[in-house]
Amino acid sequence: MMDVSGSMGDEQKEIVRLESFWINTWLKRNYKGLDTRFIIHDAAAKEVDEKTFFSTSESGGTLISSAYKLCKKMIEEEYSPSEWNIYPFHFSDGDNWSGEDTRLCIKMLKEFFLPSVNMFGYGQVESKYGSGQFLKDLEKALPEEPSLVMSKIENRDKIMGSIKEFLGRGR
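In our numbering, the protein residues as written are 26 to 196.
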C-alpha cells in the first residue's frame with residue numbers, strides 16, 4: 026500500500042511519484058502475487074488506481090490519520106497479517122493538521138501497524154513550505170522500532186538512497 030499527502034508542492038509530489046514508481050516496479054518484478062493498493066489524502070483519504078496515484082495534483086490540508094484509518098480498514102478486511110506479507114509506505118512533507126492527529130497516528134502505528142505488518146515505510150520529502158515535524162515526532166516516539174523504516178528524501182538525487190533504505194532491510 027502506498028500513500029501520499031496532498032499538501033506537498035509539485036516538486037515534492039514528483040519526487041514521491043518517482044520513488045514510488047521505482048519501488049513498485051522493483052516489487053512487481055521480484056514478487057509473484059503482489060497486490061498493491063494506492064491511497065491519496067489531504068483532509069480525507071481515498072483509494073485510487075495506480076494511474077490516478079501517479080498523476081494526481083490534489084492539494085489541501087493534511088490529516089494523516091485519514092490515510093492510516095483507511096489503510097488499517099483495508100488490512101483488517103482484506104489482508105490478514107497471518108496470510109499476507111504487508112508493507113505500507115507513506116510519503117509526506119511532514120506537515121499534519123494538528124499535534125492531536127499526529128498522536129493518533131503514532132498510537133495507530135504502535136497498536137496496530139507495527140505489530141501487524143512486516144515493515145512500515147515512512148518517506149519524508151524535504152519541502153521549503155513544510156515543517157517536517159512528522160518525521161521528528163516519529164523519531165522521538167519510536168526511536169528504535171525495527172518494523173519502522175524512516176527515510177528523509179532531501180531532493181531527487183537522494184531517491185536511490187531512500188529506496189535502498191526501504192528495500193535493504195530484508196523483512
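Yeah, the Cβ is synthetic: ideal placement off N, Cα and C, and Gly gets one too.
Query	Result
Test item: CB-CB of T87 and D35 under 8 angstroms	no
Spatial distance of E103 from L59 (CA atoms)	14 angstroms
Contact between the region 131 to 146 and the region 65 to 84 (3+ Cβ pairs under 8 angstroms)	no
8 angstroms Cβ cutoff met for L129 and S172	no
Buried versus exposed, by CB contacts within 10 Å (16 or more), A70	buried
Ranges of the beta strand (DSSP E) found wholly within the region 110 to 170, counting only runs of at least 3	114 to 117 and 145 to 150
Strand pairing of L173, partner residues [DSSP]	F145
Bounding residues of the alpha helix (DSSP H) (the contiguous stretch that carries S105)	That residue, S105, is in no alpha helix (DSSP H); it is neither H nor E in DSSP.
Burial state of M185 (16 or more Cβ within 10 Å)	exposed
Own chain partners of F79 with C-beta closer than 6 angstroms, once the 5 adjacent residues on each side are dropped	R42
Beta-carbon proximity of M175 to L163, cut-off 8 angstroms	yes
Expected contact under 8 angstroms - CB spacing of K177 and Q149 to nearest Å	5 angstroms
Local Cβ density within 10 Å of P113, reported as buried at 16 or more and exposed below that	buried
Classification of A92 by the beta-carbon crowding that lies within 10 angstroms, buried from 16 upward	buried
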